[in-house]
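The next block holds one structure in the form of structure tokens; read it before the comments.
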């Protein structure tokens, strides 16, 4: 008789979520339980293994070396278990999820990853729209949305943290005859590209870099962030980009970071749906979004 030496599944789920999100509270949001329940399940797993998996610091948790190794291994195994279970399970009834995002987020982050979602959830059809204004799911007729703000900005909505917003300069790889980009002072020889909706970010980044008085060769201002990224790809100038929106371009060598200094304010991306309840398929879509935002992308 085979006797499996396995920890409780609920404890594994709690640990995987907390390790991936680096937060007990965000894991609780994702699993729709209390933070104390997640902490208790993680403690159960640690007691079962006889090893601490997290360092518990002030207001944050950090995986131990053994905890990180365990997380990487069980993530792969849980993914395999999920895959074979979905392959065997009976077909589910098709449902439609209406999603409201930002133009730049949809174009640069969401669409390149959608094939993964459909591979995992072939029964869920996603209808995607874009609106950069304040969220109003009733007016838009959307079932869920991605919006930027802080955790306290969403009365009436269930809000799950997806990713922080981090800004860093990006440029097309320099060509012969292009001005250098070796130091921050070299930005004075380049056009700086900015979105009108976040025109405050370049001054804040320059101040953090110790060059608050720098005057660029010129400014190029767009109404939409997606235009800024396209202008940077075309070599028009240097854009201050949300790293989450250019990671694929950087990975493939279409853009590069001339400087590694980040600017981060208190805004993040949140996945929202009404407190009155989630339509079928909404939670699966939100959980997939969070996994995608926290998973490393394979290198080319």
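In our numbering, the protein residues as written are 16 to 315.
Where a beta carbon is used, it is the ideal one built from N, C-alpha and C, also for glycine.
Nothing here was measured: the structure is a model prediction, and the numbers come from that model.
Item, Value
"Can you confirm whether the segment 174-187 touches the segment 39-57 when touching is taken to mean that 3 or more C-beta pairs between the two stretches lie within less than 8 Å?", "yes"
"Grouping DSSP H, G and I as helix and E and B as strand, with all else coil, what is residue 313?", "Any reading at residue 313 must be qualified, since the residue scores a pLDDT of 46, below 50, and its modelled position is unreliable; no value is offered."
"Between the alpha carbons of residue 45 and residue 247, how many angstroms are there, rounded?", "36 Å"
"Can you name, in chain order, every residue of its own chain whose Cβ lies under 6 Å from the Cβ of residue 66, other than the five neighbours on each side?", "81"
"Tell me the DSSP secondary structure of residue 175 in three-state form.", "strand"
"Using a Cβ-Cβ cutoff of less than 8 Å, which residues in the same chain neighbour residue 75 once the five nearest sequence positions on both sides are dropped?", "37, 38"
"Go ahead and label residue 315 buried or exposed: buried means 16 or more other beta carbons lie within 10 angstroms of its beta carbon, across all protein chains shown.", "Only weak support exists for where residue 315 lies, its pLDDT of 37 falling under 50; the coordinates are left without a value."
"Which residues in the same chain have their Cβ closer than 7 Å to the Cβ of residue 278, if we skip the five residues on either side of it in sequence?", "182, 216, 219, 220, 223"
"Going by Cα to Cα distance, which pick from 259, 290, 280 is closest to residue 128?", "259"
"Return the chain-ordered ranges of every alpha helix (DSSP H) run that is complete within the segment 190-265 and spans a minimum of 4 residues.", "216-223, 240-248"
"With a Cβ-Cβ cutoff of 8 Å, do residue 211 and residue 236 count as a contact?", "yes"
"CA-CA distance, residue 296 and residue 108?", "10 Å"
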